[in-house]
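A short write-up of the structure that comes next.
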Amino acid sequence: DAGVIQSPRHEVTEMGQEVTLRCKPISGHDYLFWYRQTMMRGLELLIYFNNNVPIDDSGMPEDRFSAKMPNASFSTLKIQPSEPRDSAVYFCASSQTQLLAGFTDTQYFGPGTRLTVL
Amino acid sequence: RKEVEQDPGPFNVPEGATVAFNCTYSNSASQSFFWYRQDCRKEPKLLMSVYSSGNEDGRFTAQLNRASQYISLLIRDSKLSDSATYLCVVITGFQKLVFGTGTRLLVSP
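Here the protein sequences come in this chain order: C and Y.
Residue numbers for the first sequence, in the working numbering: 1 to 118.
Residue numbers for the second sequence, in the working numbering: 1001 to 1109.
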């Protein structure tokens, strides 16, 4: 299995530019998550999807951020316009639901996209 | 108060030492608990789940104390390869994981 695939691995852009991050989840996984990680705030959940439908986007910092999942094998996280404070590592993760006495299946993370906004 | 709190460390220990990390959580309705490991500039990976009765995986032991709302991770006979950041993870709602900011461990020769 190829695991969760993210692209690009590194992105350097200038303030005000649009940034699009891409993710391909593990085949057969019906949950997809977008996280952001910074030194100050750690790993934060931005949004997650179930069967391509956004379930909880309460972690999306503001309207400049948007995420889509047009099909089961692809998702995008877009920042428009980007700002220097958006600089972080953005992780995508996927999981397959397994509910057993409250236990939830582990999430598998992609390698992340390191975003730098100048 | 943060939902999940960890001592950021770093914990500096020699090879062979035993080291323990604690993590506290604020939501008493939290259902599931995990420890993830994250190497420098890599993605987090599941280390182990934490069960109510406690569980062990080789040199690693995880414990849950619901009354005091904390989980712990004990590493025995530390190896150089154990150097990493250990993230405490709590599930507060369906499929919603909340991560601590991590505890950094440095194992030296």
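In this text, a Cβ means the ideal position worked out from N, Cα and C, and glycines have one as well.
As the structure is a computational prediction, the values presented were derived from the model and not from experiment.
Alpha carbon of Q1038 (chain Y) to alpha carbon of R36 (chain C), nearest angstrom: 14 Å
Element boundaries [beta strand (DSSP E), containing Q1038 (chain Y)]: S1032 to Q1038
Short CB-CB distance (under 7 Å) between L46 (chain C) and chain Y: no
Interface partners of P110 (chain C) on chain Y, CB under 7 Å: The question names Pro, but residue 110 (chain C) is Gly in the sequence shown. Under the 7 Å cutoff, chain Y gives E1043.
Residues that K1079 (chain Y) contacts on chain C, provided the C-beta gap is smaller than 8 Å: Per Cβ cutoff of 8 Å: no residues; K1079 (chain Y) is ~23 Å from chain C at best.
For M15 (chain C), the nearest candidate out of C:I5, C:Q107 and C:E83 (CA to CA): C:E83
contact_flag[the segment 1036-1051 of chain Y, the segment 1071-1091 of chain Y] where n(CB pairs < 8 Å) is 3 or more: yes
Chain C contact residues for T1101 (chain Y), given Cβ-Cβ distances below 7 Å: G42
Cβ pair T13 (chain C), V117 (chain C) closer than 7 Å: In contact: T13 (chain C) and V117 (chain C) (Cβ atoms closer than 7 Å).
Contacts that L1073 (chain Y) makes with chain C (C-beta to C-beta distance below 8 Å): Taking a Cβ-Cβ cut-off of 8 Å, L1073 (chain Y) has no neighbours in chain C, whose nearest Cβ is about 16 Å from it.
Under the three-state DSSP convention, the category L182 (chain C) falls into: Only positions 1 to 118 of chain C appear in the structure, and residue 182 (chain C) is not among them; the question remains open.
Beta-carbon neighbours of L1087 (chain Y), restricted to chain C and to distances below 9 Å: G42 and L43
Coil, strand or helix - R1104 (chain Y) by DSSP: R1104 (chain Y) falls in the strand class under three-state DSSP.
L1073 (chain Y) burial status per 10 Å Cβ neighbour count (16 or more: buried): It is buried - the Cβ of L1073 (chain Y) has at least 16 other Cβ atoms within 10 Å.
Cβ neighbours of E18 (chain C) in the same chain (closer than 8 Å, five flanking residues each side left out): K78, I79, Q80, P81 and S82
Reduced DSSP secondary structure (H/G/I, E/B, other) of G102 (chain C): Confidence at G102 (chain C) is low in this model, with a pLDDT of 47, below 50, so the placement of that residue should be treated as unreliable; the coordinate-derived value is given next. Looking at G102 (chain C) - three-state DSSP - the assignment turns out to be coil, as it is neither helix nor strand.
Secondary structure of L1087 (chain Y), DSSP reduced to three states: strand
Terminal residues of the beta strand (DSSP E) in which I5 (chain C) lies: Per DSSP, I5 (chain C) belongs to the beta strand (DSSP E) from I5 to S7.
Cβ distance (whole Å) where G59 (chain C) is taken to contact I47 (chain C) below 8 Å: 6 Å
The segment 20-34 of chain C contacting the segment 108-117 of chain C, beta-carbon criterion three pairs below 8 Å: Short answer: they touch.
Endpoints, beta strand (DSSP E) assigned at E1056 (chain Y): N1055 to D1057
Inter-residue CB distance, V4 (chain C) and S73 (chain C) (contact presumed, cutoff 8 Å): Wrong, their Cβ atoms sit about 11 Å apart, outside the cutoff.
Distance between F1021 (chain Y) and L1106 (chain Y) (C-alpha atoms, nearest Å): 13 Å
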